[in-house]
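At position 19 of the sequence shown the residue is numbered 19 (UniProt numbering), and the sequence of numbers has no breaks.
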Amino acid sequence: MMLKDRLKISRINANLTQKQMATLLNISQPYYAKWESGERNPKGDNIQKLSEILNVSPDYLQGRDDGLEDIIEVLKEKTLSEEDKQEIIALLNTYLTNK
Numbered sequence: 001m002m003l004k005d006r007l008k009i010s011r012i013n014a015n016l017t018q019k020q021m022a023t024l025l026n027i028s029q030p031y032y033a034k035w036e037s038g039e040r041n042p043k044g045d046n047i048q049k050l051s052e053i054l055n056v057s058p059d060y061l062q063g064r065d066d067g068l069e070d071i072i073e074v075l076k077e078k079t080l081s082e083e084d085k086q087e088i089i090a091l092l093n094t095y096l097t098n099k
């Protein structure tokens, strides 16, 4: 998945519009839209600001972290039966298939 895709998915998950993102970043909405279309890429400080607004890591936005470590860490903290584990795997597969 490319930065533009991760950016759009993260924005939608945060229930923010492109206009709201642009306002939070002090840039124009058309300029922000170019990031989500892949026409331009945010750099340095803007990557950091985006990660703070969207509550994701800069590494995730840039494709250097797929988030699996976070999922594994959460699962390690819980005591789950084999049945629960299989149910979670099935839910994740369904979610990822329907995305």
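In this text, a Cβ means the ideal position worked out from N, Cα and C, and glycines have one as well.
| Item | Value |
| --- | --- |
| Chain-order list of residues whose beta-carbon lies under 6 Å from that of E36 (same chain, five-residue window excluded) | K4, L7 and K8 |
| Same chain, Cβ closer than 7 Å to N46, neighbours up to 5 away in sequence not counted | L25 |
| Alpha carbon of N13 to alpha carbon of Q48, nearest angstrom | 18 Å |
| Three-way DSSP call (helix, strand, coil) for E39 in this model | coil |
| Cβ separation of L19 and Q29, assumed to be a contact under 8 Å, to the nearest whole Å | Checking the displayed sequence, the identity of residue 19 turns out to be Lys instead of Leu. The Cβ separation is near 5 Å, so the contact holds. |
| Unbroken alpha helix (DSSP H) run spanning K78, endpoints | Note, K78: premise wrong, no alpha helix (DSSP H); not H, not E. |
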